[in-house]
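In this note's numbering, the protein residues as written are 348 to 505.
Idealized CB from N, CA, C, for every residue including glycine.
Input: a single structure, listed below in structure tokens.
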Amino acid sequence: MFRIGFGNDIHRLEEGRKLILGGVEIPSNLGAVGHSDADALTHAITDAILGALALGDIGAHFSDKDERWKNADSFVFLREAVRMMKEKGFSVGNVDTVINLEQPKLRPHIEAMREKLAVALEVGIDSVSIKAKTGEKVDAVGNLQAIKTEAVVLLQRI
Ligand code: MG
348 MFRIGFGNDI HRLEEGRKLI LGGVEIPSNL GAVGHSDADA LTHAITDAIL
398 GALALGDIGA HFSDKDERWK NADSFVFLRE AVRMMKEKGF SVGNVDTVIN
448 LEQPKLRPHI EAMREKLAVA LEVGIDSVSI KAKTGEKVDA VGNLQAIKTE
498 AVVLLQRI
């Protein structure tokens, strides 16, 4: 038996903030603003796993009003979603994602993100896909105002 889930995320970009994606810090003069570490890729994947299980959304489990999650490592959220998934008797089949970011180029960092996410998701690296797109200089992404992410995940019953 399979379950499919979808998640997305958006964070504002500002100078003086870190840019963390898939648990990897990316050198950038603009970083993501958020209550936690603002890892938009990890948030989208976490939401996709919760969605596949119909367990609500990341905000319901890890409120951005909760001081515990201030500057939190978003892998804490991801690992908790994986724990809930396993408790329900599922494992990850594969994950496919898109990062929409104007700059910097993410290609040099994709493998490191895939490796970190694969460990947290308890799958091989070949089950974790990360694609990067620019905003073609239009919209919030293209105007360097935001980073957007999307993720789909397939879960299979263990
Ligand atoms: Mg987020």
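Could you check the C-alpha separation between residue i and residue j for me, to the nearest Å?
i	j	result
residue 462	residue 430	19 Å
residue 329	residue 494	Residue 329 cannot be examined here, being either before or after the span of the chain that is shown, 348 to 505.
residue 385	residue 475	20 Å
residue 473	residue 349	19 Å
residue 409	residue 417	10 Å
residue 365	residue 485	23 Å
residue 434	residue 374	37 Å
residue 311	residue 453	There is no way to answer for residue 311, as the model of the chain reaches only from 348 to 505.
residue 372	residue 455	12 Å
residue 407	residue 413	11 Å
residue 483	residue 489	5 Å
So, at 6 Å on beta carbons, what are the nonlocal neighbours of residue i in its own chain, with the 5 sequence-adjacent residues on each side left out?
i	result
residue 457	477
residue 361	380
residue 422	370, 467
residue 411	382
Between which two residues does the alpha helix (DSSP H) containing residue i stretch?
i	result
residue 422	422 to 434
residue 364	Taken as a continuous stretch (DSSP letters only), residue 364 belongs to no alpha helix (DSSP H), as it is neither H nor E.
residue 463	457 to 468
Establish whether the CB of residue i and some CB of chain C are separated by less than 9 Å.
i	result
residue 411	Of the protein chains in the structure, only one exists, and it is not chain C.
Between which two residues does the beta strand (DSSP E) containing residue i stretch?
i	result
residue 480	475 to 480
residue 290	Because the chain is modelled from 348 through 505, residue 290 falls outside the range shown and cannot be assessed.
residue 411	Taken as a continuous stretch (DSSP letters only), residue 411 belongs to no beta strand (DSSP E), as it is neither H nor E.
residue 485	Per DSSP, residue 485 belongs to no beta strand (DSSP E) and is neither H nor E.
residue 494	493 to 504
residue 373	Segment: none, residue 373 is in no beta strand (DSSP E) and carries neither H nor E.
Determine the contact status of residue i and residue j, defining contact as a CB-CB distance below 9 Å.
i	j	result
residue 449	residue 481	yes
residue 445	residue 479	yes
residue 425	residue 393	yes
residue 487	residue 357	yes
residue 419	residue 382	yes
residue 388	residue 432	no
residue 498	residue 439	no
Identify, in the order they occur along the chain, each residue of the same chain with its Cβ nearer than 8 Å to the Cβ of residue i, setting aside the five sequence neighbours on each side.
i	result
residue 491	360, 377, 449, 450
residue 465	471, 472, 474, 475
residue 502	349, 350, 351, 352, 396, 399, 400, 432, 437, 438, 439, 440
I'd like the list of long-range same chain contacts for residue i, defined as Cβ closer than 7 Å, with 5 residues on each side in sequence excluded.
i	result
residue 428	393, 396, 397
residue 504	348, 436, 437
residue 403	397
Would you call the region 381 to 399 and the region 351 to 366 in contact, with 3 or more CB pairs under 8 Å? The region 381 to 399, when compared against the region 351 to 366, does touch it at the 8 Å Cβ threshold.
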